[in-house]
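To keep things clear, I will list the structure first and then write my remarks on it.
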């Protein structure tokens with residue numbers, strides 16, 4: 035009989051471990067059902083890793099000189115997420131300002147991840163702005179659209195100070211950013227749509243000269 039005690043002890047230990055693992059699994063399952071944060075963390079981890087990889091691959095294509103930049107400029111003093119990056123040719127005044135809104139499924143992505151791409155665009159003679167916005171679930175629709183509109187208002191007032199044109203804007207974005215850009219372009223060009231969303235357009239339609247929408251959900 036004494037020889038059976040170690041075996042019984044091992045089985046008790048195995049059962050306790052299994053019960054603990056099941057309890058953890060159940061707790062995680064319940065957490066994912068009642069909170070958006072587990073899936074948000076998973077998506078952000080994946081998207082952010084991809085964004086860093088793309089930024090690294092673009093780095094060798096960024097010109098070593100000739101680009102002026104201003105980073106983390108606050109476009110709304112009351113909003114900690116309301117920041118933007120500005121890039122433009124150092125020795126020329128660009129005729130057009132491209133405002134690019136980053137993607138990330140509305141829950142991930144950062145303006146820093148597209149900065150090298152925007153630097154490359156600036157090297158082609160454009161003024162380029164990458165704007166940040168509050169991601170879900172910290173904010174809900176239409177907060178990012180409202181933030182982007184405030185960024186446009188700030189740029190309209192301050193563009194010349196940063197070597198940008200305020201007479202010709204192109205709204206652009208990728209993925210979720212393309213959807214935000216498409217909505218903002220519609221707000222600018224459609225008074226009825228702007229009224230429906232209760233958002234006052236920051237730009238006159240004549241100053242919006244185009245839109246670039248890359249892999250975003252929108253209805254053409």
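Numbering (the numbering used here), first residue to last: 35 to 254.
Beta carbons: idealized from backbone N, C-alpha and C, even for Gly.
The structure displayed is predicted, hence computed values, not measured ones.
Beta-ladder partner(s) of residue i, from DSSP
i           : result
residue 134 : 164 and 206
Range of the contiguous alpha helix (DSSP H) that encloses residue i
i           : result
residue 154 : 149–157
residue 185 : 177–192
residue 230 : 225–231
Candidates the options, of which the one nearest residue i by Cα
i           : options               : result
residue 211 : 153, 162 and 134      : 134
residue 197 : 177, 185 and 162      : 162
residue 5   : 83, 195, 78 and 165   : In the structure as shown, the chain starts at 35 and stops at 254, and residue 5 therefore has no counterpart that could be examined.
residue 263 : 116, 159 and 194      : Here the chain comprises residues numbered 35 to 254, so residue 263 is not present and cannot be evaluated.
residue 154 : 243, 92 and 239       : 92
residue 221 : 202, 242 and 201      : 242
residue 119 : 128, 126, 127 and 109 : 109
residue 171 : 78, 52 and 43         : 78
residue 83  : 247, 146, 177 and 184 : 146
residue 173 : 202, 189, 188 and 142 : 142
residue 213 : 245, 48 and 187       : 245
residue 200 : 169, 238 and 248      : 238
residue 179 : 215, 204 and 195      : 215
residue 240 : 98, 205 and 223       : 223
residue 157 : 73, 247 and 97        : 97
residue 112 : 168, 144, 72 and 48   : 168
residue 151 : 234, 189 and 85       : 85
residue 232 : 47, 177 and 190       : 177
residue 90  : 41, 149, 55 and 72    : 149
Unbroken beta strand (DSSP E) run spanning residue i, endpoints
i           : result
residue 123 : 117–123
residue 106 : 101–108
residue 242 : 242–248
Exposure of residue i, with buried meaning 16 or more beta-carbon neighbours within 10 Å
i           : result
residue 140 : buried
residue 35  : Confidence at residue 35 is low in this model, with a pLDDT of 48, below 50, so its placement is unreliable and the value that follows should be read with caution. Residue 35 should be labelled exposed.
residue 105 : exposed
residue 20  : Lying outside 35 to 254, the shown extent of the chain, residue 20 is not represented and no answer is given.
residue 75  : exposed
residue 131 : buried
residue 194 : exposed
residue 43  : exposed
residue 203 : buried
residue 209 : buried
residue 95  : exposed
residue 175 : exposed
residue 229 : exposed
residue 188 : buried
residue 70  : exposed
residue 205 : buried
residue 128 : buried
Rounded Cβ spacing between residue i and residue j (contact assumed at less than 8 angstroms)
i           : j           : result
residue 138 : residue 207 : About 11 angstroms; that fails the 8 angstroms criterion.
residue 236 : residue 186 : 4 angstroms
residue 183 : residue 218 : 6 angstroms
residue 122 : residue 99  : Between residue 99 and residue 122 the Cβ distance is about 14 angstroms, and since that is not below 8 angstroms, they are no contact.
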